[in-house]
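Residue 1 is where the sequence shown starts when you use this note's numbering, and the numbers rise one by one after that.
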Amino acid sequence: MYSDRIRMPALQNKVMTAADAAAFIEDGMTVGMSGFTRAGEAKAVPQALAQRALQHPLKITLMTGASLGNDLDKQLTEAGVLARRMPFQVDSTLRKAINDGKVMFIDQHLSETVEQLRNRQIHPVDVAVVEAIALTEEGHIVPSTSVGNSASFAILAKKVIIEINLSQPLSLEGLHDIYIPTYRPTRQPIPVLRADSRIGGTAIPIDPAKIVGIVISEQTDSPSTVLPPDAETKAIADHLVAFFTSEVEQGRLTPQLMPLQAGIGTIANAVMHGLLDSPFENLSMYSEVLQDSTFDLFDSGKLAFASGSSMTLSAPKHEQVFADFDRYKSRLVLRPQEISNHPEVIRRLGIIGINTALEFDIYGNVNSTHVCGTRMMNGIGGSGDFARNAHLAIFVTKSVAKAGALSSVVPMVSHVDHTEHDVDILVTEQGLADLRGLAPRERARVIIDNCVHPAYRAALNSYYERACERGGHTPHVLREALAWHINAEETGKMLID
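Below, the structure written as structure tokens:
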């Protein structure tokens, strides 16, 4: 019945219901599921698992590529399924459970999870659940709209459950580039030399005997929730375009720039939109998530090629792209996230990494994950993979949040994800701070003068001047360094009238 999707005849008798497949997942197991930023996640099996757990409680460790769509983390949390979750999430229900200490969350660089699995540093995967568009004649897995960690989960797991998603078009076949690094100490260099390098196969090679169940699904990916650019995100993009233009004029970049990486979310997507009206041509991307802006840049003629690990699109953009997918396919590739985020490749290609900060301090330390130092938002994602190894490590944010009650630039960040040593450029709608070659006291002056909202500039200048009176390579008034965060927790705003 599904011979175009299940091309190995011996596997066709493995088709079963989602509930029957979910029965292979037992209490205490470690489960690896496909999915990267609301794209390409297995859908029917985790939903069936949540339903089963309401009647027969069980707990698992859940690994994915990144965040899941279709409210799966919410359903699994409410059913009490999650004991441990890694390496990234964006769900508000799961976030509350994490911050309440009910779910143990391991916040990892996205390039590291399968590296630790491969080297047996963390518990092995018992069952992998992977969405696919097809199984080949050899029983190999053709992924859907993301690769993420699916390849290594399936290769390393003891048992594999496949979800064949009929809503995902067969035109995706051939898009993927599945390459798995060899084991140490004989590992070879990863031969990605350009954003458009293809170094592997188009399907995930596994022993088909490990496939214990195949579930047929027709649920679509969740659409992205990015908002269109506004005046502030446009200002951030304008500052970056002016900076890139200056870099070209000074001979440090060409009009093609270097391969671009952009984090997920509204601000990063809006910044990429800013390149539509820029003077740069023949651009390339070597990123994690390909968002709406990727395809807008294709349509404008600005973008030549894009490499990622998933495609996460708004509903209108998804309809437009897949109505004429062949027009884009030859200019796209989806890779495992340990390749899209691999430090070796990022350093070799000279990536320009553009990621979003929750807050940064006057010396250039960036907090991407924790509100007031303790409450997890989503996770570090791939921003650290890129920041530490990029040609240019750029972090962007609006200068204030909560209608101006909070400043995104503070005396000292309440949690450090990216140290001052890894950050080159900071941008808000107020301006851009180029931190390259500057000592801490010089960085503070540039950040305060260029990035801080006027409502907070006098207070930060006062703090910095009093800190300098006390001395030190990185001057601080320790009694006041986190006072703004304390005020925010106690009063809802950082500055007391």
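We treat Cβ as the ideally placed atom computed from N, Cα and C, and that holds for glycine. Remember, predicted model here, so these are calculated numbers, not experimental data.
When you compare the CB positions of residue i and residue j, do they come within less than 8 Å of one another, or not?
i	j	result
residue 195	residue 34	no
residue 447	residue 362	yes
residue 341	residue 117	no
residue 262	residue 287	yes
residue 157	residue 126	yes
residue 208	residue 1	no
residue 451	residue 435	no
residue 43	residue 168	no
residue 162	residue 199	no
residue 149	residue 266	no
residue 140	residue 205	yes
residue 321	residue 334	no
residue 178	residue 336	yes
residue 418	residue 440	no
residue 409	residue 460	yes
residue 25	residue 190	no
residue 429	residue 364	no
Which residues mark the beginning and the end of the beta strand (DSSP E) in which residue i is found?
i	result
residue 191	Neither: residue 191 is in no beta strand (DSSP E) and is coded neither H nor E.
residue 306	303-308
residue 447	Taken as a continuous stretch (DSSP letters only), residue 447 belongs to no beta strand (DSSP E), being part of the alpha helix (DSSP H) at 440-451.
residue 159	159-165
residue 32	30-33
residue 261	260-262
Nearest to residue i by alpha carbon, out of the options?
i	options	result
residue 275	422, 260, 287	260
residue 115	358, 343, 144	343
residue 165	183, 123, 216	216
residue 497	437, 78, 405	405
residue 124	153, 112, 135	153
residue 495	477, 458, 450	458
residue 66	80, 54, 53, 41	41
residue 317	329, 293, 327	293
residue 372	271, 407, 264, 479	407
Suppose you measure from the CA of residue i to the CA of residue j; what does that come to, to the nearest Å?
i	j	result
residue 432	residue 355	14 Å
residue 303	residue 98	39 Å
residue 467	residue 239	30 Å
residue 143	residue 464	52 Å
residue 37	residue 471	45 Å
residue 16	residue 378	34 Å
residue 311	residue 396	22 Å
residue 6	residue 135	5 Å
residue 300	residue 233	20 Å
residue 193	residue 305	14 Å
residue 346	residue 146	20 Å
residue 324	residue 279	27 Å
In terms of residue numbering, what span does the alpha helix (DSSP H) encompassing residue i cover?
i	result
residue 316	315-323
residue 153	150-156
residue 103	Per DSSP, residue 103 belongs to no alpha helix (DSSP H) and is neither H nor E.
residue 10	Taken as a continuous stretch (DSSP letters only), residue 10 belongs to no alpha helix (DSSP H), as it is neither H nor E.
residue 491	483-491
residue 464	454-470
residue 212	Here residue 212 belongs to no alpha helix (DSSP H); instead the beta strand (DSSP E) covers 211-217.
residue 240	231-249
State yes or no: is the C-beta of residue i nearer than 7 Å to some heavy atom of the ligand COA?
i	result
residue 8	Ligands displayed in this structure: none; no statement on the ligand COA is therefore possible.
Taking 8 Å as the threshold, find out whether the stretch 65-85 comes into contact with the stretch 104-116 through three or more Cβ pairs. yes
Per the contact definition of three or more C-beta pairs closer than 8 Å, is the stretch 374-390 in contact with the stretch 220-239? no
If contact is defined by three or more beta carbon pairs under 8 Å, each pair taking one atom from either stretch, is the stretch 386-404 in contact with the stretch 128-136? no
I want to know whether the stretch 157-175 touches the stretch 52-61 - three or more CB-CB distances under 8 Å. no
Could you tell me whether the stretch 346-360 touches the stretch 386-393, where touching means 3 or more Cβ pairs closer than 8 Å? yes
Quick one: any contact between the stretch 185-192 and the stretch 71-78, if contact means 3 or more CB pairs under 8 Å? no
May I ask you to verify whether the stretch 405-418 touches the stretch 477-489, counting CB pairs closer than 8 Å and requiring at least 3? yes
Quick check: the stretch 246-261 against the stretch 44-55, are there 3 or more CB pairs under 8 Å? no
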